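Residues in the sequence shown are numbered from 253 upward in steps of one, following the working numbering.
Only one structure is covered here, and it is reproduced in the block below.
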Amino acid sequence: MDGATDSPNRTAIGGEFFTYSEVVWYLHTQGIVEAPELRTRQEGDGVQNVTPSGYWWKFAHGAERVDVPIIYTLSMKNRADYIVALVHEGDNEFPVPLDVPIFGRNTCCVPTCESSGMHLAQLWSSQYTICRASRIKDPNQSVLHTALNSNTFTVRMNELYVKVERRNVSSPLDISN
């Protein structure tokens, strides 16, 4: 595994879709995303208070009715288990999928990363300073020294918050490495 995976794409959803499974089918048959999986931006409900917006990212189950105008898509092609990190940079917040190894199996990086902090540094240290990483529901406790695997974070869930500061102002966050 190489760490971060392909960037999620912001997709505006028109009124012609009733369920998320219809959106997935459309994205696949139109060749937009080969093996799509959807996330919807949620807000409120007290799920996260770590950022001013309160946004968080929820897996969109196929049978659920389309209830938000904006979703993020990511390709499941060649993907292992992953978690969704809420990345906060300045005034921007966005979801980033991070591949995670299954507990007790191979590590995610070469050279081996031993913690979430080392993993994030291997992914983004050339462009970003990792200022903070915590669980969304426990923002005061750092997870920088916690292992990054399927035992410490729930796969496909948005439990991780990462605050970054740009080192090079001219380039956007590259999450495709």
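Just so you know, even glycine gets a beta-carbon here, dropped at the ideal spot from N, CA and C.
The structure displayed is predicted, hence computed values, not measured ones.
How many Å lie between Val339 and Ala287 at the Cα?
Distance between the alpha carbons of Val339 and Ala287: 23 Å.
How close, in whole Å, do the beta carbons of Val336 and Trp309 come, if the pair is a contact with beta carbons under 8 Å?
Rounded to the nearest angstrom, the Cβ distance from Val336 to Trp309 is 5 Å, consistent with a contact under 8 Å.
Note down, in chain order, each residue of its chain lying with its Cβ closer than 7 Å to the Cβ of Leu396, except the 5 sequence neighbours on either side.
Excluding sequence neighbours, Leu396 sits near Ser367, Ser368, Gly369 and Ala385.
Consult DSSP for Val414 and reduce its assignment to one of helix, strand or coil.
Here Val414 sits in strand by DSSP.
Please report the straight-line C-alpha distance between Lys389 and Asn401, rounded to a whole angstrom.
The alpha-carbon atoms of Lys389 and Asn401 are separated by roughly 18 Å.
Candidates Val285, Val302, Asn403 and Asn410, of which the one nearest Arg293 by Cα:
The residue with the shortest Cα to Cα distance from Arg293 is Asn410.
Can you list, in chain order, the stretches of the beta strand (DSSP E) that have 3 or more residues and sit fully within the segment 337-407?
Secondary structure within the segment 337-407: the beta strand (DSSP E) runs of 3 or more consecutive residues, fully enclosed, are 344-351, 380-387 and 390-394 (chain order).
Taking the continuous alpha helix (DSSP H) assigned at Glu274, which residues delimit it?
For Glu274, the enclosing alpha helix (DSSP H) stretches over residues Tyr272 to Thr281.
Does Ser327 come out as helix, strand or coil in the three-state DSSP assignment?
Reduced to three states, the DSSP call for Ser327 is strand.
How about Glu341 and Arg418: do their beta carbons lie closer than 9 Å?
In this structure, Glu341 places its C-beta atom within 9 Å of the C-beta atom of Arg418.
By the three-class DSSP mapping on this structure, what secondary structure does Thr292 have?
Thr292: strand per DSSP, three-state reduction.
Beta-carbon spacing of Tyr324, Pro347 below 9 Å:
The answer is yes: Cβ separation under 9 Å.
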